[in-house]
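Enquirer:
Residue numbers (the UniProt record's numbering), protein chains in the order written: chain A, 1 to 253; chain B, 1 to 253.
1) Give me the chain A residues within the contact set of residue 54(B), using Cβ-Cβ distance strictly less than 7 Å, ordered along the chain.
2) Rounded to whole angstroms, what's the CA-CA distance from residue 118(B) to residue 55(A)? Just pull it up for me.
3) Does the beta carbon of residue 115(B) sit closer than 8 Å to a beta carbon anywhere in chain A?
4) Output, in chain order, the set of chain B residues within a Cβ distance shorter than 9 Å of residue 208(A).
5) Closer than 8 Å, CB to CB, is residue 76(A) near chain B or not?
6) Can you tell me which of the three DSSP states residue 86(A) falls into?
7) How far does the beta strand (DSSP E) with residue 133(B) in it reach, from first residue to last?
8) Determine the burial state of residue 129(A): buried for a count of at least 16 other Cβ atoms within 10 Å of its Cβ, exposed for fewer.
9) Thinking C-alpha only, which one of 102(B), 146(B), 19(B) and 98(B) is nearest residue 120(B)?
10) To the nearest angstrom, how far is it from the Cα of residue 220(B) to the Cα of residue 105(B)?
11) Can you list, in chain order, the residues of the region 79–108 of chain B whose Cβ is nearer than 8 Å to any Cβ on chain A?
12) Do residue 200(A) and residue 232(A) come within 8 Å of each other at the CB atom, strictly closer than that value?
13) Starting from residue 232(B), find everything on chain A with Cβ-Cβ shorter than 9 Å and list it in chain order.
14) Below 8 Å on the Cβ atoms is my contact criterion, and I expect residue 72(B) with residue 62(B) to pass it. Report the Cβ-Cβ distance as a whole number of Å.
15) Please check if any C-beta of chain B sits within less than 8 Å of the C-beta of residue 257(A).
16) Buried or exposed for residue 70(A), going by 16 or more other Cβ atoms inside 10 Å?
17) Where does residue 107(A) fall in DSSP's three states?
18) With H, G and I counted as helix, E and B as strand and the rest as coil, what does DSSP make of residue 43(A)?
19) Are the C-beta atoms of residue 25(A) and some chain B residue less than 8 Å apart?
20) Take residue 178(A) as the anchor and find which of 191(A), 195(A) and 202(A) has the nearest alpha-carbon.
21) Is any beta-carbon of chain B found at less than 8 Å from that of residue 141(A)?
22) By the criterion of Cβ-Cβ separation under 8 Å, what are the contact partners of residue 246(A) in chain B?
23) So, for residue 25(B): in the same chain, excluding its five sequence neighbours on each side, which residues have a beta-carbon less than 6 Å away from its beta-carbon?
24) Pairs of beta-carbons, one from the region 132–151 of chain A and one from the region 203–220 of chain A, closer than 8 Å: are there three or more?
25) Does the contact criterion of 3 or more C-beta pairs under 8 Å hold for the region 233–250 of chain B versus the region 76–94 of chain B?
26) Tell me whether residue 244(A) is buried or exposed, calling it buried when 16 or more other Cβ atoms sit within 10 Å of its Cβ.
27) Note down, in chain order, all residues in the region 128–140 of chain A with a beta-carbon under 9 Å from any beta-carbon belonging to chain B.
28) Can you give the beta carbon distance from residue 113(B) to residue 142(B), rounded, assuming they're within the 8 Å contact cut?
29) Helix, strand or coil for residue 219(A) per DSSP?
30) Does residue 240(B) pass the burial test, meaning 16 or more other C-beta atoms within 10 Å, or should it be called exposed?
31) From the DSSP output, read off the bridge partner residues of residue 199(A).
32) Find out if the Cβ-Cβ distance for the pair residue 124(A), residue 108(A) is shorter than 8 Å.
33) Pick helix, strand or coil for residue 55(A), following the three-state DSSP scheme.
34) Counting only Cβ pairs nearer than 8 Å, list the residues of chain A close to residue 163(B).
35) Is it buried or exposed for residue 127(B), if we count other Cβ within 10 angstroms and need 16 for buried?
36) Using alpha carbons as the reference points, say which of 59(B), 11(B), 28(B) and 27(B) lies closest to residue 254(B).
Laid out in structure tokens, this is it:
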């Protein structure tokens with residue numbers, strides 16, 4: 001009983017805190033000092049020190065000789081594992097490539113839902129000089145953007161309300177967008193997450209017909225007018241159909 | 001105070017347990033059921049369920065539609081980060097390649113210390129059909145193998161005793177090996193970690209002269225006789241010198 005209790009309260013909280021500390025390392029923060037982690041996390045210094053020591057022990061953080069922390073070599077093992085787990089079948093890679101080419105060089109991507117976020121798990125970068133850049137594995141909001149609405153179209157009303165509440169959004173507006181995405185099988189967005197960035201996304205389902213992923217085209221708003229989207233839709237829905245037929249994605253939990 | 005307390009006891013333990021659950025996923029176990037995690041970890045089912053839910057929430061685990069768990073897409077973000085943090089300078093990549101070629105096609109690798117383990121952070125795979133295969137990011141014991149002894153040669157006596165004790169090894173024997181590695185700047189091993197696998201490793205130091213890494217050649221024992229090692233040593237120590245001069249590695253903590 002004592003064991004279970006420790007994981008239910010402070011235990012789970014500590015795991016979340018440790019993961020949140022790791023998440024503070026990104027492209028613009030490749031190294032961080034303990035002080036910076038304290039400031040960025042709002043946690044007590046003693047807490048940060050303990051969690052850092054734990055993460056360091058397992059190789060998830062690495063202390064440089066100047067005392068600054070970087071992502072540890074232990075992450076490389078999971079890197080290999082995650083990349084293998086999320087490697088697309090060759091046909092799906094080809095499908096993303098063709099979609100990008102047929103759209104005239106926009107970036108094509110696959111997003112999956114992850115809790116109340118979405119994550120880009122694969123992409124074919126466009127050939128246009130002005131392009132929308134997303135990093136594989138980057139967490140993005142579920143409430144915003146065409147892919148988010150497509151992914152939400154398969155969720156329960158209760159879940160949708162939770163997402164809206166968490167993001168300070170009107171649940172009715174979000175429900176309407178999800179409903180529209182469910183009805184059409186696709187969604188479009190413009191400047192919701194980031195100004196001047198637009199996208200159109202279509203639904204990919206698993207073998208039980210549940211929403212498993214969203215396949216999208218993304219780029220600058222100027223190249224995603226109503227006329228562009230009309231032209232994109234046939235190639236996009238064709239790609240969504242092909243990805244669905246490959247049956248390599250599952251809806252998750 | 002309450003915060004610090006939760007991380008000092010059950011908190012840190014929960015973080016370690018969560019990371020240990022993640023570590024149960026590997027090449028031979030790409031998916032696992034909760035039942036399998038319970039059996040493999042020895043933890044109570046309620047504990048595993050809670051930790052899995054926490055890891056799933058942050059995208060580190062993913063629930064397939066059949067209910068089995070796989071490494072989650074959230075790991076992809078850290079994968080990119082870790083690979084960037086541990087990407088070798090081009091000169092170091094070339095150095096490993098030349099070392100492999102000059103050894104007649106054995107695999108060359110760089111190991112760093114991670115707590116009481118060592119981790120391979122880079123390699124150039126040999127061209128021989130019978131080759132020693134190591135995965136990047138794989139944790140290996142510090143007490144065994146030529147690279148382990150080179151890495152231990154920079155550690156305190158107290159640390160060395162801790163490693164020996166943790167592995168059920170004679171601390172005097174280990175201390176003698178580390179001493180010899182410190183004196184020579186290199187070490188050789190045969191069948192210590194795995195039968196019929198041999199290695200020779202040399203020291204790479206940081207800008208303060210501390211042991212930062214071990215560079216090694218590894219292969220089957222039959223190709224690592226005393227004569228072979230004598231032939232390997234000049235090219236290996238040359239590579240160690242070059243890697244040291246590139247100054248891209250730090251000794252860690």
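Glycine residues also receive a C-beta, built at the ideal position from the N, C-alpha and C atoms.
Expert: According to the structure data:
1) Per Cβ cutoff of 7 Å: 12, 15 and 16.
2) Rounded to the nearest angstrom, the two C-alpha atoms are 15 Å apart.
3) Nearest CB-CB separation between residue 115(B) and chain A: below the 8 Å threshold.
4) Those within 9 Å of residue 208(A) in chain B are 65.
5) Under the Cβ criterion of 8 Å, residue 76(A) is counted among the residues facing chain B.
6) Coil at residue 86(A), not helix or strand.
7) It is not in any beta strand (DSSP E) - residue 133(B) carries neither H nor E in the DSSP assignment.
8) Residue 129(A) comes out exposed.
9) Measuring from the Cα of residue 120(B), the nearest candidate turns out to be 146(B).
10) Approximately 12 Å between the Cα atoms of the pair.
11) Residues of the region 79–108 of chain B with a C-beta atom less than 8 Å from some C-beta of chain A are 79, 80, 81, 82, 83, 84, 85 and 86, listed in chain order.
12) It is a contact, given that the beta carbons lie within the stated cut-off.
13) Under a criterion of Cβ atoms nearer than 9 Å, no residue of chain A is adjacent to residue 232(B); the nearest Cβ is some 25 Å distant.
14) Taking the Cβ atoms as the reference, residue 72(B) lies roughly 4 Å from residue 62(B), within the contact range of under 8 Å.
15) Since the first and last residues shown for chain A are 1 and 253, residue 257(A) lies out of range.
16) Residue burial is scored here from C-beta neighbours: residue 70(A) has at least 16 other C-beta atoms within 10 angstroms and is therefore classed as buried.
17) Residue 107(A): strand per DSSP, three-state reduction.
18) Residue 43(A) sits in coil when the DSSP states are folded into three classes, being neither helix nor strand.
19) Proximity of residue 25(A) to chain B, defined by a Cβ-Cβ separation below 8 Å, is satisfied.
20) Of 191(A), 195(A) and 202(A), the residue nearest in Cα terms is 202(A).
21) Closer than 8 Å to the CB of residue 141(A) there is not a single CB belonging to chain B.
22) Against chain B, the beta carbon of residue 246(A) has no neighbour under 8 Å; the closest one sits roughly 15 Å away.
23) Excluding sequence positions up to five before and after residue 25(B), its CB lies within less than 6 Å of the CB of 71, all in the same chain and listed in chain order.
24) The region 132–151 of chain A, when compared against the region 203–220 of chain A, does touch it at the 8 Å Cβ threshold.
25) Counting C-beta pairs closer than 8 Å gives three or more between the region 233–250 of chain B and the region 76–94 of chain B, which meets the contact rule.
26) Taking all protein chains shown into account, residue 244(A) has 16 or more neighbouring C-beta atoms within 10 Å of its C-beta and is therefore buried.
27) Here the close residues are 135, 136, 137, 138 and 139.
28) Right, their Cβ atoms sit about 7 Å apart.
29) The answer is strand: DSSP assigns residue 219(A) an E or B state.
30) Under this definition residue 240(B) is a buried residue.
31) Residue 199(A) pairs with 189(A) and 218(A).
32) Yes, they are a contact pair.
33) Residue 55(A) falls in the helix class under three-state DSSP.
34) Simply none; closest approach about 13 Å.
35) Answer is exposed; the Cβ neighbour count stays below 16.
36) One cannot answer for residue 254(B) here, as it falls past the ends of chain B, which runs 1 to 253.
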